[in-house]
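There are 2 protein chains.
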Amino acid sequence: MKNVNIKDVAKKAGVAVSTVSRVLNDHSDVKKETKEHVLNVIKELNYIPNNSARNLKRSSSNSIGVFVLGEYNPFFGEIVEYLESEISLRGYSVMIHFHHNNRNDLETASQFILEKKLLGLIYLGGSVSKDKEGYLAQMEAPVVFTSTVVEEGVNPELFSSVRISEEGAVRNILNHVLSLGHKRIGIITAETEGLCASPERFSVYKKILQENNLVFKNEYLECGDYSIKSGYDSMKKLLGKQLGLTAVFAVNDLMAIGAIKAITDSGLCVPDDISVVGFDGLDYGQYYSPGLTTIKQPISNFGKNTAQIICDLIDGKSEQSHIVLDTELIVRESCKGI
Amino acid sequence: MKNVNIKDVAKKAGVAVSTVSRVLNDHSDVKKETKEHVLNVIKELNYIPNNSARNLKRSSSNSIGVFVLGEYNPFFGEIVEYLESEISLRGYSVMIHFHHNNRNDLETASQFILEKKLLGLIYLGGSVSKDKEGYLAQMEAPVVFTSTVVEEGVNPELFSSVRISEEGAVRNILNHVLSLGHKRIGIITAETEGLCASPERFSVYKKILQENNLVFKNEYLECGDYSIKSGYDSMKKLLGKQLGLTAVFAVNDLMAIGAIKAITDSGLCVPDDISVVGFDGLDYGQYYSPGLTTIKQPISNFGKNTAQIICDLIDGKSEQSHIVLDTELIVRESCKGI
DNA sequence: TTGAAAGCGCTACCAC
DNA sequence: GTGGTAGCGCTTTCAA
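Protein sequences appear in the order of chains U and E.
For the first sequence, the residue numbers in my numbering are 2 to 339.
For the second sequence, the residue numbers in my numbering are 2 to 339.
As structure tokens, then:
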């Protein structure tokens, strides 16, 4: 079956091609009856506009890219799903790209935009720092950083972002831990650029210990890569050091779960011997034994806000914007008083 | 900065546009030196061919669609990630679409192909039955069903597939359960088209009980929707019925985990009071307490084989093909002898 | 082996 | 309000 094109529609409707085009693009200057008639013919002929042709004219695709940083992660998986549904609703397509290392991230992202002629890019995870401003300024399409750590001092006019207050969230969960009487609190973070630290969460953790006159020793720190396995391995190391830790803060739920398993495997008990708290609020944590005390990220709000911002940016309806979402402390059983 | 196009390349290289095009498409009839020269100019100018224009001519896009059935699921998430990397390697793009209900799946898939002018479609999950043959025959692009239950009697020339032997896998895990002396084995399946049963796994389960002269009662069955929560709820119902079950088979890991939590919450113990086995082999099950006994699906092989088949189909290198992958029984602690 | 040119389906400009 | 038409960047005949 030959594909129907705009010419066929025009012929059948008895109008010019340009009129059909105007109807397709919802231009105002078409007589109401004409418009309805054309719309009917379109439906009748089962006509689907050819996106390649449209994009050729517009010299861009109809797609928004999602650039996912790091290893596969159910948290991002859920965000992607929300993004996909919100964005298709607005008439755009989604192209996904997974980027596995921390090198050249913005360069690769820029290539991605160029190659796929993306209208906009959603960057999931990672961080933006001042030294990336150069790349940001040259981006060929608007970029929204979602669930990305935005370091201070980066020019906010160069990008948009949807994120949580890392400091507020870490404070929230650590205050809970502290209020339960813990004094020796270990931390399992993730590696960034070869350095053993998820910078933001780690530095807030250190600051809070200090504020509470608690010591931080380097031995209290181990780092993984956000995977369950790495949480398990890190906890084993921590345990091996015999530090007398009474609580451990893992910077994501997956590692927290690995840590709990490591503790259990060592013949100890959570939370009786050691308390563990996580970060993300995956469903998983609720059904783990013991239930995981954690910070819940606003997943659907990440999706909705990000979709809205990128589409508005593309439609020229708004300027770069920055949204900070609330997180929520979820108290379950993995952390108890001393 | 104006985008470089094929004309610019041709001018700079001192050849005709058509020659550049031939180089781009790796046609054989270009003199070696000319080709090299053009390639150099392309690199020098940082030229990226405009896909919209290419697609317009070819009247198709450069993308392969991934149609994901059902709710978000980490198992599919991982497969998607493998697919994305394998497919980009071969020069195609990936477009994802999540389809949340079981109605009109193939119709929607067909629309998806048409609208995005896809070269091929990967269908993840769900099932293919004889009554869908009509749709299959009319698909506008080759379709590979991955991790899809293929019912018997469907004409294999209409599609390709990569899957496991459901019967073999279910047999494998249930034999393990039976060998441990269990006689009253419940099942938690997922709903399909309003019917309370994941047909294939459920029917094999019933068959095996029969073969072993064990009774199956309808009360032994509960069904969820593959989510952890539904596993939890289903198990609660099963427990409420006081059936004296000693083991429960959940048709996926997520529901198995929910089930274990429900048992624990009811003051019982897994595996001492009730054994639970799952299906999928997510990493997660290894770190759960107790470790989940389950069937491991060959995730990376799903990705590799699927990518290979769809690309070969598109490149005209092969016919429809059907691959059955091996699964592996993973024995951990959630199921023990009576 | 290479060049010239038609035209893929659409949008947007200029006429009327 | 509507029609005619150039041209987006590329591939692919047809000629040379």
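Heads up, the beta-carbon is just placed ideally off N, CA and C, and yes, glycines get one too.
Note that the structure is predicted; figures quoted are calculated from it, not measured.
Residue nearest to E/C270 within the set E/Y227, E/E334, E/L244, E/S231 is E/E334 (criterion: CA-CA distance). The C-beta of U/K305 comes no closer than 7 Å to any C-beta of chain E. Bounds of any alpha helix (DSSP H) do not take in E/V249; it lies within the beta strand (DSSP E) bounded by 248 to 251. Beta-bridge analysis with DSSP links U/V150 to U/S128. Buried is the label assigned to E/P143, since at least 16 other Cβ atoms lie within 10 Å of its Cβ. Only D284, Y285, Q287, Y288, Y289, S290 from the region 277 to 290 of chain U bring a Cβ to less than 9 Å from some Cβ of chain E.
U/A191 is bridged by DSSP to U/G225. Under the three-state reduction of DSSP output, U/E334 falls in the coil class, being neither helix nor strand. For the pair of segments examined, the region 166 to 183 of chain U was found to touch the region 278 to 297 of chain U: the number of CB pairs separated by less than 8 Å reaches three.
At the C-beta level, U/F77 and U/L46 stay beyond 7 Å of one another. Taking 7 Å as the threshold, the shortest C-beta distance from U/F76 to chain E does not fall below it. Nearest C-alpha to U/L326 among U/F303, U/E72, U/I49: U/F303. E/G259 has a beta carbon lying within less than 7 Å of a beta carbon in chain U. Using a Cβ-Cβ cut-off of 9 Å, U/T265 is close to S290 of chain E, given in chain order.
Listed along chain U, the residues sitting closer than 9 Å to E/N52 by beta-carbon distance are S53, N56, S62, E116, K117, K118. Pairing E/G66 with E/L25 gives a Cβ-Cβ distance that is not under 7 Å. In the same chain as U/G225, and ignoring 5 residues on each side of it, the C-beta atoms closer than 7 Å to its own belong to I189, A191, S231, G232, D234, S235, M256, in chain order.
Counted as a single uninterrupted DSSP element, the stretch harbouring U/M256 is not any beta strand (DSSP E) but the alpha helix (DSSP H) occupying residues 254 to 266. One Cα belongs to U/K242, the other to U/I339, and the distance between them is close to 21 Å. Under the 7 Å criterion on CB atoms, U/S94 is classed as interfacial with respect to chain E.
Under the Cβ criterion (8 Å, minimum of three pairs), the region 267 to 285 of chain E does not count as touching the region 206 to 219 of chain E. One Cα belongs to E/Y289, the other to U/R164, and the distance between them is close to 30 Å. With respect to E/Y221, E/G268 sits apart: the two C-beta atoms are not nearer than 7 Å. In this structure U/N74 is buried. Its beta-carbon is surrounded by 16 or more other beta-carbon atoms within 10 angstroms. By alpha-carbon distance to U/N105, the top candidate from U/D132, U/N253, U/K117, U/Y93 is U/D132. Taken through DSSP and simplified to helix, strand or coil, E/F77 comes out as helix. Any Cβ of chain E closer than 7 Å to the Cβ of U/E85 would place that residue at the interface, and such an atom is present. Secondary structure note for E/K12: its alpha helix (DSSP H) is the uninterrupted segment 7 to 14.
For E/D284 and U/V332, the gap between their C-alpha atoms comes out near 25 Å.
Counted as a single uninterrupted DSSP element, the beta strand (DSSP E) harbouring E/F68 occupies residues 64 to 70. Using beta-carbon distances, U/K262 counts as an interface residue toward chain E, with a partner under 7 Å. In the structure shown, the three-state DSSP call for E/I275 is coil.
The Cβ-Cβ distance between E/L107 and E/F68 does not fall below 7 Å. Boundaries for E/F217: no alpha helix (DSSP H) harbours it, and the DSSP string shows neither H nor E there.
Nearest to E/V155 by C-alpha distance, out of E/L175, E/E134, E/T147, E/F146, is E/E134. Below the 7 Å Cβ cutoff, chain U contributes Y73, F99 as neighbours of E/E82, in chain order.
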